[in-house]
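Okay, structure first, notes after.
So this is what it looks like as structure tokens:
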């Protein structure tokens with residue numbers, strides 16, 4: 076009879092197999108502990124992962140130990156990993172190519188079948204968590220009876236919800252029954268949605284995930300001795316966080332309900348995996364006996380199969396791959412070897428944004444930074460703002476006292492632009508007006524060496540125009556940060572026709588040293604992120620300008636799953652800034668981008684959203700509604716929510732297609748990377764282009780799709796389509 080798992084192994088011919096090497100360790104009491112070491116034969120850059128072949132090899136090792144236990148030859152079994160790594164979970168490149176839901180379910184069942192052997196060996200099982208432990212790696216540990224952890228382990232986590240999945244090899248069932256529902260919610264749902272936050276070894280021990288925390292230098296020896304003590308009865312393991320009867324009766328469902336409401340207010344209801352995880356965690360309350368555990372595992376199988384076959388998982392893996400790979404090797408980047416050295420930085424401006432620049436450059440580049448402004452009072456205010464920020468970092472333990480003193484000493488101010496003479500990199504952060512930016516560069520250029528780079532943080536003005544009157548326009552480059560500067564990971568590096576390779580290379584190297592992901596964009600209105608945002612905001616304002624209620628427009632784009640609604644975004648960037656961005660794009664593309672007199676009126680009045688004392692949005696300011704309503708042209712036909720959404724979808728597909736034809740960036744992947752890192756677009760949508768393909772906007776706008784094949788899950792894939800590459 077054909078094993079139903081044969082189809083899985085047939086799909087994984089190129090799997091990097093994590094092998095399971097077994098050896099006997101004779102314990103001081105004379106018993107034998109089988110030590111299974113997981114090792115894929117690669118270095119630390121390729122963690123242990125599990126595809127079907129690796130799982131089956133682990134199963135063979137466990138079944139062999141089970142036979143020996145039945146014969147009385149061994150007293151226990153422990154699983155550990157290669158140096159510094161236990162396992163990073165399932166091999167997602169294998170998961171992403173599964174052809175249908177049923178095959179996905181088989182993979183879930185195989186994981187349960189294999190890891191479940193740890194609880195049926197006939198002897199106690201241990202997991203020695205010796206390093207990086209993620210996803211399925213953590214589920215190996217949870218399926219074991221006991222766990223030790225190396226104190227130097229850098230990351231322990233369940234990242235599945237972040238990737239459109241759930242911990243489906245026992246994690247959603249076992250973890251809450253080990254450490255309690257509130258702790259499990261933190262690990263399985265809350266942490267992944269906070270930029271994939273992980274646990275340290277000490278945090279994992281404090282939560283009760285590990286039974287003992289052991290020093291790194293003697294971790295394996297101490298783990299074996301501890302296991303021997305457990306087997307001999309000299310150590311009794313307590314589980315203080317394990318849920319009791321009262322927690323199951325009163326606390327469990329309440330915690331799930333609170334978490335659900337928090338999710339709905341924070342991320343909306345479009346992402347599937349967080350809510351599927353909540354459902355599984357709720358059901359895990361009943362998993363108090365073998366039959367109930369088996370039923371809970373079966374529910375994990377069904378949930379994982381649904382998610383694997385869905386669009387959001389494939390889109391999430393696409394997005395994850397962009398951030399992990401494409402962002403590290405930016406398209407069009409010159410050889411970093413030709414970058415100019417940067418030993419001192421000058422910042423023109425001393426306002427809030429300029430102060431953030433100065434501190435970031437001083438922290439990351441570890442070079443002197445000089446700031447300037449129109450007068451001494453402004454310079455002194457900027458320096459004080461920086462000192463306050465450093466003090467806040469020190470209070471939070473983010474910088475040491477020595478580092479704080481270094482930063483205080485390295486950032487200075489001046490009102491004499493001649494002091495910039497020895498700066499290798501000068502960046503301006505002044506008012507967003509072409510004449511102002513041209514003037515500050517013209518003033519500083521005569522004092523600089525011809526090799527010094529001039530960077531502008533403009534968000535939408537022409538970088539070429541800013542440097543057009545300079546003696547050396549080839550050393551001008553756009554370097555567009557996103558706010559808050561210290562947090563947002565994207566920098567748009569903007570090349571003009573004059574920008575030379577050395578300047579562009581320097582900008583890319585500097586971005587890397589600042590720990591930012593840089594995408595190279597052609598000098599065009601709005602570059603990437605603001606051109607997309609201008610399209611959305613312009614359409615939103617046009618809809619209310621023609622009579623569609625604010626509330627209708629604000630919720631019509633909910634299917635996008637965006638981090639905030641159009642008007643929340645407008646409030647965040649500032650009404651004046653938003654009006655400027657729309658004006659800039661309307662001037663450049665008057666047939667495709669709307670201007671809005673109403674937005675200028677709202678900006679002048681300073682009204683849009685109504686908020687409570689804590690800043691929570693309660694609705695729209697009545698003055699804003701009245702102001703716009705009275706300006707609606709007589710006879711205007713306001714679009715419905717559906718018409719507005721379709722217009723935005725088709726408009727975005729058209730605009731992004733034009734951006735690619737204009738070679739603003741080299742590929743759709745760069746558009747998505749910019750929106751993921753610079754605008755907070757969700758991983759579950761893959762950015763924007765996979766979404767536009769899936770909803771048919773690409774076909775409607777330009778008769779094709781951005782991706783070939785489109786990035787969609789097996790459940791929604793044309794049978795003739797091959798899976799999208801993962």
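Residue numbers (our numbering): 76 to 801.
Here a beta-carbon is modelled for each residue, glycine too, at the ideal position from N, C-alpha and C.
Quantities reported herein were computed from a predicted structural model and do not represent experimental measurements.
query	result
From this set, 323, 772, 407 and 388, which residue's C-alpha is nearest residue 759's C-alpha?	388
May I have a chain-ordered list of the alpha helix (DSSP H) segments no shorter than 4 residues that lie completely inside the segment 153–233?	167–170, 176–190 and 211–218
In terms of residue numbering, what span does the beta strand (DSSP E) encompassing residue 592 cover?	592–597
Please classify residue 500: does DSSP put it in a helix, a strand, or coil?	strand
Going by DSSP in three states, residue 447 sits in which element: helix, strand or coil?	strand
Which residues share a DSSP beta bridge with residue 423?	447 and 503
Return the bridge partner residues of residue 113 from the DSSP annotation.	95 and 156
In the DSSP assignment, find the alpha helix (DSSP H) that holds residue 351 and state where it starts and stops.	348–358
Buried or exposed: where does residue 828 fall if 16 or more other Cβ atoms within 10 Å of its Cβ makes it buried?	Lying before the first or after the last residue shown, residue 828 is absent from the chain, which here runs from 76 to 801.
With respect to the alpha helix (DSSP H) encompassing residue 621, which residues constitute its N-terminal and C-terminal limits?	Here residue 621 belongs to no alpha helix (DSSP H), and DSSP marks it neither H nor E.
Got a sec? Which residues, its chain only, sit under 8 Å from residue 668 by beta carbon, not counting five neighbours each side?	609, 610, 613, 657, 660 and 661
Taking C-alpha atoms, which residue in 639, 135 and 248 lies nearest to residue 95?	135
Quick one: what does DSSP say residue 146 is sitting in, helix, strand or coil?	coil
Does the separation of the CB atoms of residue 283 and residue 790 fall below 7 Å?	no
Over the uninterrupted alpha helix (DSSP H) stretch that includes residue 722, give me the two end residues.	716–736
DSSP state of residue 553, grouped into three classes?	strand
Where does residue 77 land, buried or exposed, given buried means 16+ other C-beta within 10 angstroms?	Annotation note: pLDDT 49 at residue 77 (below 50); position unreliable, coordinate value reported separately. Burial call: exposed.
Where do the N-terminal and C-terminal ends of the alpha helix (DSSP H) with residue 478 fall, by residue?	476–485
Give me, in chain order, the residues of the same chain whose beta-carbon lies closer than 8 Å to that of residue 706; leave out the 5 immediate sequence neighbours on both sides.	620, 672, 673 and 676
Return yes when the Cβ of residue 642 is within less than 7 Å of the Cβ of residue 633, no when it is not.	no
Cβ of residue 206 within 7 Å of Cβ of residue 161?	yes
Hey, would you say residue 751 sits closer than 7 Å to residue 762, going by beta carbons?	yes
For residue 814, report the span of its alpha helix (DSSP H) as first-last.	A query on residue 814 cannot be resolved here, the shown segment of the chain reaching from 76 to 801 and no further.
Given that a residue counts as buried once 16 or more other Cβ atoms are within 10 Å of its Cβ, and exposed if not, what is residue 241?	buried
Leaving out five residues on either side along the sequence, give the residues of the same chain with a beta carbon under 6 Å from the beta carbon of residue 87.	126, 127, 128 and 169
CB residue 714 to CB residue 618, shorter than 7 Å?	yes
DSSP on residue 767, reduced to helix/strand/coil?	helix
If we count Cβ pairs, one from each stretch, closer than 8 Å, do we get three or more for the segment 329–343 versus the segment 374–381?	no
Nearest-angstrom Cα distance between residue 785 and residue 359?	36 Å
Span of the alpha helix (DSSP H) holding residue 653?	650–663
Decide if the segment 419–429 is in contact with the segment 493–501; the criterion is three or more beta carbon pairs, one per stretch, under 8 Å apart.	yes
Comparing C-alpha positions only, which one of 534, 91, 699 and 776 sits nearest to residue 731?	776
My output table needs one value for residue 565: the three-state DSSP class, helix, strand or coil.	strand
Give me the Cα-Cα distance between residue 166 and residue 90, rounded to the nearest whole angstrom.	8 Å
Please report the straight-line C-alpha distance between residue 381 and residue 176, rounded to a whole angstrom.	6 Å
State the DSSP-derived secondary structure class of residue 305, mapped to helix, strand or coil.	helix
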